Amino acid sequence: MCGIIGYVGKKEAYEILIKGLERLEYRGYDSAGVALLSNNVISVYKKKGKVAELKNFIQKTPKGNIGIAHTRWATHGSPSDKNAHPQLSNSGNIAIVHNGIIENYLAIKEVLIKKGYKFKSDTDTEVLVNLIEDIRINGSKKLNLDEAVRLALQKVTGAYAILVLLKDEPDTVVIAKMGSPVVLGIGKEEFFIASDATPIIEYTNKVIYLEDEEMAIIKTNRESNKITIKTINNKIKNPNIHTIKTKIEELEKGGFKHFMLKEIFEQPHAIKDSILGRIKNGKVRMEEIGEYKNNLLNAKRIIILACGTSFHAGLESKYFFEEYSHIPVLVEYASEFRYRKPVIYKDDVVVAISQSGETADTLAAVKLAKEQGATIFSLCNVVGSSISRIAHVPIYTFAGPEIGVASTKAFTTQIAVLLLLCLFIASEKRLLSNKKIQNILTEFENIPQKIEQILLEDKSVKEIALKLYEMQNFIYLGRGYGFPLALEGALKLKEISYIHAEGYTAGEMKHGLLALVDKNMPVLFIANKGSSYEKVVSNIMEVKARNGIVISLITKGDARIKKIVDYVIEIPETSDVMLPFVASIPLQLLAYHIALLRGCEIDKPRNLAKSVTVE
Ligand code: AGP
């Protein structure tokens, strides 16, 4: 949700900032801008639209060794040139880029208006930059930029990651964070600042993650380079430098038309990487659990907190947990949970699932559960992300960076690791025999190969897409392990093709949904030969009796369903528990091909952003 980037060093900043914005564009893409500081002049260029439009707009490469830039996902004020960042203070002396929401901006704005400040945009960010200016110039002597920022932040509530420049301090960038993420990259005589590490890793793998209520003051001039980290209460902190392992090739499309397609095809590998080292001699090892093992084994209840696709992975894992670890599981939308008065016990284990590890709702829900004494496990794909840092037990998927806004490999790797977590509990509590666990693991280790087979059948999914891409609505139905898949399949279709789609449990269909079925309604059934097979076949018959168009995911060779439905997608035979791994792939491919045929922006669907760091 908005990408911010900054550079301080000896090189020309512009190219680095633009390249950084392109890498961060998946976080927001409705407008973009840069500000460069050179010879005590701040030059700002900003434009509604994507980074490419900003590049076209800037004819001549601007100069400067210090700069900040932003790619926006609108919260306050529609996408427009005036609402794009950087925002300038009234005097034009201070420039800011901001990711987050200043909740009390209206009250502050009123006070500033009374003092004579004028506002050109509808953003909360312009209020913040003017508050900084007001604090800086209103005392007996002008404050340094960092001090003015620090005092201003004490007056605001909400979330922010900000980078601030002042015309009169040509060697300084001030950075601060609350709620929204910021990473500082430490190069040789240069510094990079960004919302996440993706634009930094081609320059350095040494990073510092700023914590909430911390600020960094970076100064670089001919004589020295200096970074100071302190809290907004003025307490100096020692920076913790981390080394990141992501490789630059992982951030490229590698010959695929879209990141989403590349990420779908990466799944066999991503699953292998995520389970690597976690299965040994027919046993599950989860060393990261360490001293919290007893909290997990003695938990009376597991509460899963997540949003979007990660929520669907959590829902899928409820079936694993109940089947194998006999622990009751609540799966909660983080955005609802945090605003209720949830009952949390000290012996609850919370599992927060988040690809990015930065989703604001999940982060806030986890903080709430932690304050109330629960043990927090996190499952994230980004090492060092905010949710992992707050967890007692950070567990990771190793899917590699997921750039496409639509989550694909994050889902399959999340359920892979969650399955291992369940089996770990089952084995430690002796709920399953070693033999049974070994059998499950043997089937599980063959999953990447089965996914490869499905990917080879991409052509048949494409053909179905060609027949149905002009439809206005879709229904996805499944039972048991197929139900969260129906939700996930429908989510994929709506977010990238803008077709209205509903995911439902097939059993609920007759309680209302069936009224929607007619000859124009495609209904996709997850109808593998599993424990709900007969029931699903009956549901298919009910839809066919009402002339619905039926697409069925079937177990390879299932002649019975083939005869009664309009289209089939074959998947290899699996046990119930392995269904989500194989069945999610054609659902992702179907959404991809339909969106492609409809001419949609697949990697950056309208109105969405990869990492939702506002509530
Ligand atoms: C899925 O395709 C989405 N774009 C979205 O629902 C996503 O899963 C959700 O925003 C949660 O993100 P997270 O996993 O990074 O927390």
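Residue numbering for the sequence shown follows our numbering, starting at 2 and increasing by one per position.
The beta-carbon is built from N, C-alpha and C at its ideal position, and this holds for glycine as well.
On a predicted model such as this, the values are computed, not experimentally measured, just so you know.
| request: Going by DSSP, name the residue or residues bridged to Pro-523. | output: Ile-550
| Around the Cβ of Asp-125, are there at least 16 other Cβ atoms within 10 angstroms (buried) or fewer (exposed)? | buried
| Name the DSSP beta bridge partners of Gly-643, please? | The structure shown does not extend to residue 643, since the chain is modelled only from 2 to 616, so the question has no answer here.
| message | Against chain B, does Ile-228 count as a neighbour if the rule is that its beta carbon must be under 8 Å from one of theirs? | response | No chain B is part of this structure, which consists of one protein chain only.
| message | Checking the sheet assignment: what are the DSSP bridge partners for Leu-164? | response | Val-98 and Ile-176
| request: With hydrogens ignored, establish whether the beta-carbon of Ala-411 is closer than 7 Å to any heavy atom of ligand 1. | output: yes
| task | Tell me whether the beta-carbon of Ser-355 lies closer than 8 Å to the beta-carbon of Ile-305. | result | no
| request: Please indicate yes or no: does the CB of Gln-356 lie closer than 7 Å to some heavy atom of ligand 1? | output: yes
| Through-space distance from Val-583 to Ile-218, alpha-carbon basis | 49 Å
| Stretch pair the segment 590-599 + the segment 484-503: three plus CB contacts closer than 8 Å | yes
| query | Can you check whether the CB of Ala-70 is closer than 8 Å to the CB of Leu-18? | reply | yes
| CB of Ile-651 within 8 Å of CB of Ala-153, strictly | Coverage of the chain is limited to positions 2 through 616, which leaves residue 651 absent and any answer about it impossible.
| C-alpha distance - Asn-205 paired with Ser-357, whole-angstrom precision | The amino acid occupying residue 205 in the given sequence is Thr; Asn does not appear at that position. Answer to the nearest angstrom: the Cα atoms are 21 Å apart.
| said: Going by DSSP, what residue range makes up the beta strand (DSSP E) through Ile-6? | reply: 4-9
| For the segment 54-63 against the segment 100-114, are there 3 or more C-beta pairs whose distance is under 8 Å? | no
| query | For Thr-363, does the three-state DSSP call read helix, strand or coil? | reply | helix
| Spatially closest choice to Lys-143 from Leu-167, Ile-249 and Ile-303, by CA coordinates | Leu-167
| In three-state terms, what does DSSP make of Ser-428? | helix
| Considering only the beta carbon of each residue, do Arg-547 and Val-518 sit closer than 8 Å? | yes
| request: Report the residue ranges of all beta strand (DSSP E) runs contained in full by the segment 19-80; include only those spanning at least 3 residues, in chain order. | output: 32-39, 42-49 and 67-73
| task | Could you tell me the boundaries of the alpha helix (DSSP H) in which His-327 lies? | result | Neither: His-327 is in no alpha helix (DSSP H) and is coded neither H nor E.
| query | Going by the C-beta, is Lys-311 closer than 7 Å to any heavy atom of ligand 1? | reply | Before going on, a small fix: residue 311 reads as Ser here, not Lys. Yes.
| One or two residues paired with Met-216 in a DSSP bridge | Ala-177 and Lys-231
| task | Apply the 10 Å Cβ neighbour rule to Asp-135 and answer buried if 16 or more other Cβ atoms are within range, or exposed otherwise. | result | buried
| task | Go ahead and pull the three-state DSSP assignment for Leu-144. | result | coil
| query | Should Ala-407 be counted as a contact of ligand 1 given a C-beta to heavy atom distance under 7 Å? | reply | yes
| Between the segment 214-234 and the segment 188-201, do three or more beta carbon pairs fall short of 8 Å? | yes
| said: From the DSSP secondary-structure annotation, give me the bridge partner or partners of Leu-478. | reply: Tyr-505 and Phe-526
| request: Taking Ser-275 and Ala-392 to be in contact with their CB atoms under 8 Å, please state how far apart those CB atoms are, rounded to whole angstroms. | output: With a Cβ gap of about 17 Å, Ser-275 and Ala-392 do not count as contacting.
| Can you find a heavy atom of ligand 1 that lies under 7 Å from the Cβ of Val-613? | yes
| field | Segment limits, beta strand (DSSP E) that includes Phe-378 | value | 376-381
| said: Can you tell me whether Tyr-397 is buried or exposed? The criterion is at least 16 other CB atoms within 10 Å of its CB, across all chains shown. | reply: buried
| How about Leu-492: is its Cβ closer than 7 Å to a heavy atom in ligand 1? | yes
| query | So, are the CB atoms of Gly-180 and Ala-361 less than 8 Å apart? | reply | yes
| field | Within 8 Å, strictly: CB atoms of Lys-536 and Arg-480 | value | yes
| query | How far does the alpha helix (DSSP H) with Lys-493 in it reach, from first residue to last? | reply | 483-498
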